[in-house]
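Student: This structure is in structure tokens; I'll ask about it shortly.
2 protein chains.
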Amino acid sequence: MRTKDKILVTALQLLNEHGVKSVTIRDIAAEMGISHGNLGYHYANMELIIYALYEQLVKEMDAVIGSMQFSGIHLQLVYDSNKIMFTKFYEYRFLFIDFVAIGRSIPKLRKHYLSLQKKRAAEFFMLLMLLKSNNILSSKFSDEQYGQLIQSLTIFGDFWISSSELVYNGKKDKRVDYYLNLFFALILPYLTKEGQKQYGMLQK
Amino acid sequence: MRTKDKILVTALQLLNEHGVKSVTIRDIAAEMGISHGNLGYHYANMELIIYALYEQLVKEMDAVIGSMQFSGIHLQLVYDSNKIMFTKFYEYRFLFIDFVAIGRSIPKLRKHYLSLQKKRAAEFFMLLMLLKSNNILSSKFSDEQYGQLIQSLTIFGDFWISSSELVYNGKKDKRVDYYLNLFFALILPYLTKEGQKQYGMLQK
DNA sequence: GCAAATTTAGGACATTTGTCCTATTTATTA
DNA sequence: TAATAAATAGGACAAATGTCCTAAATTTGC
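Structural data, given as structure tokens:
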């Protein structure tokens, strides 16, 4: 692996473990066994590394979402795509754990995230509308209510990791599933009979 | 005001504005126009200041919640108590914005928060059960489902500020109301006819 | 195989920050 | 009022950190 890539791998590991505040250029160099001067040659400072990792996450998400086959609308689809997203998010958890601090110190990242979120919210809204017209989500709730639901789901999606970092004390390999389950519990009361049937048959 | 109290006031203002990462003992002293040596005499480091502010928040919350009159069970009660909590949280928003980083660097704070959260969740569960038995919340959802709802509401309650810090661009004085409204939208589908009626009549 | 470009190591330096220390001033109390 | 305690100012210092620089080593392209 090229040094430049290896730096990102090591940085990600250290950032996830110790948090943005505690990791320095020199820490990463030491962990890799290279000089801090060398590391500075590839990435002059932590912000560049963090932004590179953010770009990497976005890229990986696009790739994995893009490769999904949308064969007919079904609750399983929502489940699968969210499971992938939750898992990826957790791989890059330091970003979410220090979300605001990072957004504050790297305006470019914040700006990009905002437009990304807007796009994702619009896609998700389309998906919900589709589920609604296919009698999976109930029609008795207004589009505005579904819009609000999406906002809350977005907040949950962005911050379940932070919460779990402080609170979760279950098995490590069940963490994502646990919060994915909570996420779906938020959608549960909006389901029709048919939706509930599909929910019961979800392959988790 | 005593210097020791004034330090907390100034620290809170700076922390809310710039975040934990960017505020130092010396910054606070400079803002107050006193020497850093003097500030060190009262609080040796930032962690002591942050913990003191956390204690202050907990104390203020206890006081304000304790003074509420619980005259009969009603959705308005849930609304009012949450409005108070949301408002207080926002006054001390730096705590929530850097929740994980603070919890990591001040284990005592993390530990206290965990036991507090446990207590609050239990109280909230009792409240929901009461609303359920008073036909405000629907009986068609299981206690387990209400338990999950509380967990999601807790995550929302702890992190709406972080999200708003990055996303919200509405009027400043409507911020708390906006997220309180989203918070209640999460409860909406669990309401009975009677509950919905009370919801429509909420004095916001 | 050799010149040029890239990569690497490590030193130097300024800045920031927490921490400690002492001297002075202000407040308290007996 | 005198002595004691509390509060304040500001200097000193070490550790950490980003940043810059140079020289050596390695790789690349012709």
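Chains L and R, in that order, are what the protein sequence lines are.
For the first sequence, our numbering assigns the number 294 to the initial residue and increments by one for each residue that follows.
For the second sequence, our numbering assigns the number 294 to the initial residue and increments by one for each residue that follows.
Beta carbons: idealized from backbone N, C-alpha and C, even for Gly.
The model shown is predicted, which means the values in this text are computed figures rather than measured ones.
Using three-state DSSP, classify R/L430 as helix, strand or coil.
Tutor: strand
Student: Three-state secondary structure (DSSP) at L/L495?
Tutor: coil
Student: Relative to chain R, which residues along the stretch 431 to 450 of chain L have a C-beta separation below 8 Å, given in chain order?
Tutor: For the stretch 431 to 450 of chain L, which is checked against every Cβ of chain R, the residues closer than 8 Å are F434, Q438, Q441, L442, Q444, S445, T447, I448, F449.
Student: For the stretch 390 to 399 of chain L and the stretch 454 to 468 of chain R, state whether three or more C-beta atom pairs, one from each stretch, are separated by less than 8 Å.
Tutor: Touching, yes.
Student: Leaving out five residues before and five after L/I300 in sequence, what residues of the same chain have Cβ atoms less than 8 Å from its Cβ?
Tutor: I321, M325, L332, H335, Y336, I342
Student: Which runs of the alpha helix (DSSP H), 4 residues or longer, sit entirely within the stretch 299 to 359 of chain L?
Tutor: 318 to 325, 329 to 335, 339 to 359
Student: Measure the Cβ-Cβ separation of L/S431 and R/L475 and say whether it is below 7 Å.
Tutor: no
Student: I'd like to know whether the C-beta of R/G326 is nearer than 7 Å to at least one C-beta of chain L.
Tutor: no
Student: According to DSSP, which residues form a beta bridge with R/L407?
Tutor: R/L407 pairs with nothing; no bridge assigned.
Student: Taking its Cβ as the centre, do 16 or more other Cβ atoms sit within 10 Å of L/R319, making it buried, or is it exposed?
Tutor: If you draw a 10 Å sphere on the C-beta of L/R319, you find fewer than 16 other C-beta atoms in it, and that means exposed.
Student: Look at the Cβ atom of R/K344, then the Cβ atom of R/L402, and state whether they are nearer than 7 Å.
Tutor: According to the sequence as given, residue 344 of chain R is Tyr; it is not Lys. The answer is yes: Cβ separation under 7 Å.
Student: Say whether chain R places a C-beta atom closer than 7 Å to the C-beta of L/E458.
Tutor: yes
Student: Which partner residues does R/L484 have in the DSSP bridge list?
Tutor: R/L430
Student: Measuring alpha carbon to alpha carbon, tell me which of L/L495, L/E416, L/M339 ends up nearest L/G359.
Tutor: L/E416
Student: DSSP three-state call for R/N474: helix, strand or coil?
Tutor: helix
Student: How is the alpha helix (DSSP H) around R/N375 delimited, first residue to last?
Tutor: 368 to 384
Student: Verify the CB distance criterion: does L/S360 have a CB-CB separation below 7 Å to chain R?
Tutor: Not one chain R Cβ lies under 7 Å of L/S360.
Student: Give the interface partners of R/I390 over in chain L, defined as CB-CB distance under 8 Å, in chain order.
Tutor: Near R/I390 (Cβ distances below 8 Å), the residues of chain L are V393, A394.
Student: How big is the Cα-Cα spacing for R/Y461 and L/S328?
Tutor: 42 Å
Student: Taking C-alpha atoms, which residue in L/A478, L/Y483, L/F477 lies nearest to L/D436?
Tutor: L/Y483
Student: Can you list, in chain order, the residues of its chain with a C-beta nearer than 7 Å to that of L/M494? Leave out the 5 residues immediately preceding and following it.
Tutor: Closer than 7 Å at Cβ, skipping near neighbours: no residue.
Student: With L/V316 and L/L307 assumed to form a contact (beta carbons below 8 Å), what rounded beta-carbon distance in angstroms separates them?
Tutor: 5 Å
Student: At a CB distance below 9 Å, what residues from the stretch 393 to 419 of chain R approach chain L? Give them in sequence order.
Tutor: Those residues of the stretch 393 to 419 of chain R that come within reach of chain L (Cβ to Cβ, closer than 9 Å) are V393, A394, G396, R397, S398, R403, Y406, L407, Q410.
Student: Taking just the CA atoms, how far does R/S426 sit from R/Q410?
Tutor: 24 Å
Student: Quick one: is R/A478 near chain L, going by C-beta distance under 7 Å?
Tutor: Answer yes: the Cβ-Cβ gap between R/A478 and chain L drops below 7 Å somewhere.
Student: Kindly indicate which three-state DSSP category R/M361 falls into: helix, strand or coil?
Tutor: coil
Student: Going by Cα to Cα distance, which pick from L/F379, L/F389, L/S374 is closest to L/K467?
Tutor: L/F379
Student: Going by C-alpha distance, which of L/G450, L/R397, L/A356 is nearest R/K314?
Tutor: L/R397
Student: Looking at C-alpha atoms only, which residue of L/L368, L/I399, L/G312, L/I448 is the closest neighbour of L/Y385?
Tutor: L/G312
Student: Check L/Y439 in the structure and name its three-state DSSP category.
Tutor: helix
Student: By Cβ distance below 7 Å, which residues in the same chain neighbour R/D451 in space, the five residues on each side in sequence not counted?
Tutor: F389, F392, listed in sequence order.
Student: List the endpoints of the continuous alpha helix (DSSP H) containing R/R397.
Tutor: 392 to 398
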